[in-house]
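Take the sequence shown: its letters are residues 11 to 526, numbered as in our numbering. Note that the Cβ used here is the ideal one computed from N, Cα and C, for glycine as well. All of these numbers come straight from a predicted model, not from anything done at the bench.
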Amino acid sequence: MVQKVAVIGAGLSGLTSIKACVDEGLEPTCFESSHDIGGLWRFKEKPEPGRGNIYQSVVINSSKEMMSFSDFPPPAEFPNNMHHSEVLQYLRLYVQAFNLLKHIRFQTTVLSVRQTQDFAVTGQWEVETESGEGFESFEGRHFHSWEYRSADGMEGKTVVVIGIGNSGGDIAVDISRVAEKVFLSTRSGGWVVSRVGQGGLPADLVGTSRMDVMVRKLFPSWINRMLEKKLNESFDHTLYGLKPKHGFFAQIPVVNDDLPARIISGRVQVKPNVKEFRGSSVVFVDGSIINKVDVVVFATGYNYGFPFLPPALQAKCGYRLRLYKHVFPPELTQPTLAVVGFIHALGAINPLAELQARWATRVFKGLSTLPSEETMLKEIEKDTTTMHQRFACSERNPLQVEYIPYLDSLAKKVGVRPNILRLMMKDPRLALQVALGPCTPYQYRLTGPGQWAGARQAILTQWERVVQPFRTRDVPQPENKPYSGLSIIVLFSGVTLLCCFCYNKNPLSKLHGYVH
């Protein structure tokens, strides 16, 4: 039985993997190449080449309740869509609350992970590491979005941003504050949504319930049309040059509150795909040319890879890694390697990675078993075919899953999927929140392994934590003063006289007519 587990990376997926190991009584050791936790969410003045990094203005797209860990609600006073510094603060609180820091070896880079000679029997691995001080930054006129930090130095320049994903949209908006001209190039367009939803609530708390998923499954085309129609009511995506060929649910939308305002004010101009570069000029596929371009930012996605793993474990099915449920390589004789957090969905990564880690550690410990290799390979082929039918996948966007159905499929394997019918019999108030409210991660701590006593209260108080950050100014409510007796008499008398006048006017006229 597995006792010691190596966790590579102390980002949010690594941190929740450490905790899952501890919860199952395993001994985790996390290898982190930098000097601190946070991974992507740790802002770095000097970017690390080839790694995902963030820029100064980044605000998380998912609201705090949807991106929380299932047994650790974010502080009520935190804003709903947190700045990256607040996300890192939340991760620090998580590490502190569960005493995870002692399991992390900082400034230790994993060079290779190899199977031991008796792997078929023991399932053990050898991890080769080295200590180091990180990487040097790359500087140049053309650079990738992972190198972008802020708009400093872009004053008065002409900038072309290539790619309209979330990074491309954010960077174009950020640079447009100071640059003379900003052009946003997109090959396929994208649906643009706001973080601010109905009534000013976080947008991802609306339309993300289990009931919404059921309705969308029953009427997919109608729901898609209605949603796209509603988005076009805010601004017409065709008019703004942003309308994609794919439907809304086929690809992750661009979450950006400011891009439409930048386009309508001319601060950002949307252009088609780039055809070629000619010196300092950029030529687009429609024949238009922008001359004297100072900076080009490639927000074109990332190549992914696991160079420290044996090549046999990096086989692909379609564009995705050949992993059962996006977690386990099916070829291993012993299921002692899991990929956690390599997943994409219309929802926050934390709950996805956390449930993957909870399932993986139970498999490691022998509490949950995997199907045969043949069965796993068939399911991988089937899932890949389904994924390519439903989503617009590509080499740079290799996989996407349906958020709640995928979470539920993992929760079923762990034994923590909420039973709404049973809840309705025992706790109707909670059952309604689980069925009709936003599918927050606490639902996966109500029962089963890893059950948390505070899960029910976390669900019932989630809207209070949503509202709390808005309470920075008390707005006086208009007083509804009861009418006094005299006021009522005067009002009633006036209405009565008016009715009598209107009623009697015509009859009197007729009477006078008869007399004459």
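Which of helix, strand or coil DSSP assigns to residue i
i: Trp51; result: helix
i: Ala213; result: helix
i: Ala325; result: coil
i: Ala402; result: coil
i: Val373; result: helix
i: Trp135; result: strand
i: Val97; result: helix
i: Ile299; result: strand
i: Val349; result: coil
i: Ala355; result: strand
i: Arg124; result: strand
i: Ile527; result: As displayed, the chain neither begins before 11 nor continues past 526, which places residue 527 out of reach and without an answer.
i: Thr385; result: helix
i: Phe129; result: helix
i: Glu149; result: Reliability fails at Glu149, whose pLDDT of 31 lies under 50, so the model's placement of it is uncertain and the value that follows must be treated cautiously. In the structure shown, Glu149 sits in coil (DSSP, three-state: anything other than H, G, I, E or B).
i: Ser378; result: coil
i: Arg483; result: coil
i: Glu34; result: coil
i: Ser160; result: coil
i: Glu243; result: helix
i: Phe229; result: coil
i: Thr248; result: coil
i: Glu140; result: strand
i: Val426; result: coil
Strand pairing of residue i, partner residues [DSSP]
i: Cys40; result: Val17, Ile114
i: Phe338; result: Tyr334
i: Phe79; result: Phe82
i: Lys190; result: Correcting the residue type first, residue 190 is Glu in the shown sequence and not Lys. Paired residue(s): none; Glu190 is not in a bridge.
i: Gln279; result: Phe193
i: His45; result: According to DSSP, His45 bridges with nothing at all.
i: Ile172; result: Ser195, Phe308
i: Arg466; result: According to DSSP, which records beta bridges pairwise, Arg466 is partnered with nothing at all.
i: Glu412; result: Per DSSP, none; premise fails for Glu412.
i: Ser291; result: Arg288
Whole-number beta carbon distance between residue j and residue i, since they are thought to touch under 8 angstroms
i: Val171; j: Gly178; result: 5 angstroms
i: Arg455; j: Ser80; result: 5 angstroms
i: Lys281; j: Phe294; result: 5 angstroms
i: His398; j: Ile262; result: So it is not a contact: roughly 16 angstroms between Cβ atoms.
i: Thr196; j: Ile181; result: So it is not a contact: roughly 13 angstroms between Cβ atoms.
i: Val69; j: Asn91; result: 5 angstroms
i: Gln99; j: Ser44; result: Gln99 to Ser44, Cβ: 17 angstroms. No contact.
i: Met164; j: Val188; result: 5 angstroms
i: Ala402; j: Ala271; result: At roughly 27 angstroms, the Cβ-Cβ gap does not stay under 8 angstroms, so Ala402 and Ala271 are not in contact.
i: Phe53; j: His94; result: 6 angstroms
i: Val476; j: Glu75; result: 6 angstroms
Buried or exposed by the 16-neighbour rule on C-beta atoms within 10 Å, applied to residue i
i: Arg288; result: exposed
i: Asp393; result: buried
i: Pro381; result: exposed
i: Leu539; result: What is shown of the chain runs 11 to 526, which leaves residue 539 out entirely.
i: Glu157; result: buried
i: Met218; result: Residue identity check: residue 218 is Thr in the sequence provided, not Met. The residue is buried, with at least 16 neighbouring Cβ atoms inside 10 Å.
i: Asp162; result: exposed
i: Lys239; result: exposed
i: Ser78; result: buried
i: Glu243; result: exposed
i: Thr168; result: buried
i: Lys255; result: exposed
i: Ser186; result: buried
i: Lys335; result: buried
i: Gln106; result: exposed
i: Phe352; result: buried
Nonlocal neighbours in the same chain, by C-beta distance under 8 angstroms from residue i, ignoring five residues either side
i: Asp437; result: Arg466
i: Pro415; result: Val223
i: Thr346; result: Val12, Gly133, Gln134, Trp135, Phe374
Residues of its chain near residue i, where Cβ-Cβ distance is below 6 angstroms and the 5 sequence neighbours each way are ignored
i: Gly207; result: Ala213, Val216
i: Gly311; result: Arg406
i: Cys40; result: Val17, Ala20, Gly24, Ile28, His113, Ile114
i: Ile233; result: Arg226
i: Tyr357; result: A small correction: the amino acid at residue 357 is Gly; Tyr does not occupy that position in the sequence shown. Once the five neighbours on either side are set aside, the close Cβ partners of Gly357 are Tyr413.
i: Pro408; result: Tyr329, Arg330
Cβ-based neighbour list, residue i, same chain, cut-off 7 angstroms, excluding 5 preceding and 5 following
i: Lys423; result: Trp369, Ser378
i: Thr371; result: Ala30, Cys31, Glu34, Leu36
i: Arg205; result: Asn71, Asn91, Pro212, Ala213, Val265, Asp267
i: Ala421; result: Leu365, Arg427, Tyr454
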